[in-house]
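Engineer: Following this note's numbering, the numbering of the sequence shown begins with 1 at its first residue and continues without gaps. By construction, the Cβ of each residue, glycine as well, lies at the ideal position given by its N, Cα and C atoms.
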Amino acid sequence: AEGLAGNLIGSLCVDHEGSLWIGNNGSGVDQLKRSRFAVYGTRHGLTYDVATCIYEDGRSNTWIGTERGLNRLTAGGITRYTTNEGLSWNLVFTVCDDPRGGLWVGTLRGLNYFFDDQFTVLRAQDGLPSGIIWCSYRDRGDNVWIGTQNGLARLQSGKFRAFTHDGDGLSHDDIRAIGEDRAGRLW
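#1: For Thr62, which residues in the same chain have their Cβ closer than 6 Å to its Cβ, ignoring the five residues on either side in sequence?
#2: I think Asn90 touches Thr79, with their Cβ atoms under 8 Å apart; what is that distance to the nearest whole Å?
#3: Report the residue from Tyr81, Gly77, Asp30, Gly58 whose alpha carbon sits nearest the alpha carbon of Gly65.
#4: Under a three-way DSSP split, which group does Gly131 fall into?
#5: Do Leu8 and Asn25 come within 8 Å of each other at the CB atom, strictly closer than that value?
#6: Which same chain residues end up closer than 6 Å to Leu155 when comparing Cβ atoms and leaving out the 5 residues on each side of it in sequence?
#7: Which residue's Cα is closest to the Cα of Arg59: Ser11, Gly101, Phe160?
#8: Which same chain residues, not among the five before or five after Phe93, have their C-beta less than 8 Å away from its C-beta?
#9: Span of the alpha helix (DSSP H) holding Gly167?
#10: Compare the Cα-Cα distances from Gly6 to each of Val39, Ala124, Pro99 and report the closest residue.
#11: Out of Asp116, Ala162, Asn112, which one is the CA nearest neighbour of Leu122?
#12: Could you pull the start and end residues of the beta strand (DSSP E) that Ala38 belongs to?
#13: Any idea what DSSP makes of Asn84, helix, strand or coil?
#14: Would DSSP call Gln31 helix, strand or coil?
#15: Here's the rule: buried if 16 or more other CB atoms are within 10 angstroms of the residue's CB, otherwise exposed. What is Arg34?
#16: Measuring CA to CA, which of Ser19, Pro99, Gly18, Gly131 is closest to Gln149?
#17: Reducing DSSP to helix, strand and coil, say where Asp181 ends up.
#18: For the beta strand (DSSP E) that contains Gly18, what are its first and last residues?
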């Protein structure tokens, strides 16, 4: 497409100003703002040019997950987070925030909670159906939902409740996306 740094799109996000963020598989992230493109990539400070997810938190920070770490984009620049800073794994699949201002970061090797500039890593032994985290979603009731390779988990009042195909009627345990309709039903 004209203006895009690449044409293999892996993720999208619309921020509070109406800008469209486009994660490209190999050429970084494009921001379409007022009919103009800006490009962010490794030459601008991103950990890698394959953007796996993009998320804007409640403080208007833009978070970009890549195959080589997590990046926070602010007016002051890009801050990089990798296993060196405590992230459980550098391949980041999903990001969402919670009402306290913490950030949930899903990777191939665990769910990371980022709060006060520190990561806490959670895995299956902490109540998740799996340590492979594909997706996350915060619903209208401020519950955080985590999609994993082996089922769905809801974080409510600090505890995980797992939902699976066998016990809870999910059509499949491999949960790759979560959304909520106008009636508040999750899909």
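Structural biologist: Taking the structure as given:
#1: Glu56, Leu73
#2: Asn90 to Thr79, Cβ: 15 Å. No contact.
#3: Ranked by Cα distance from Gly65, the first of Tyr81, Gly77, Asp30, Gly58 is Tyr81.
#4: coil
#5: yes
#6: Counting only Cβ-Cβ distances below 6 Å, and skipping sequence neighbours, we find Val144.
#7: Gly101
#8: Result list for Phe93: Thr52, Cys53, Gly65, Gly106, Thr107, Leu108, Ile133, Trp134, Cys135, in chain order.
#9: 165-168
#10: Val39
#11: Cα-wise, what sits closest to Leu122 is Asn112.
#12: 36-40
#13: helix
#14: strand
#15: exposed
#16: Gly131
#17: coil
#18: Careful: Gly18 lies outside any beta strand (DSSP E) and carries neither H nor E.
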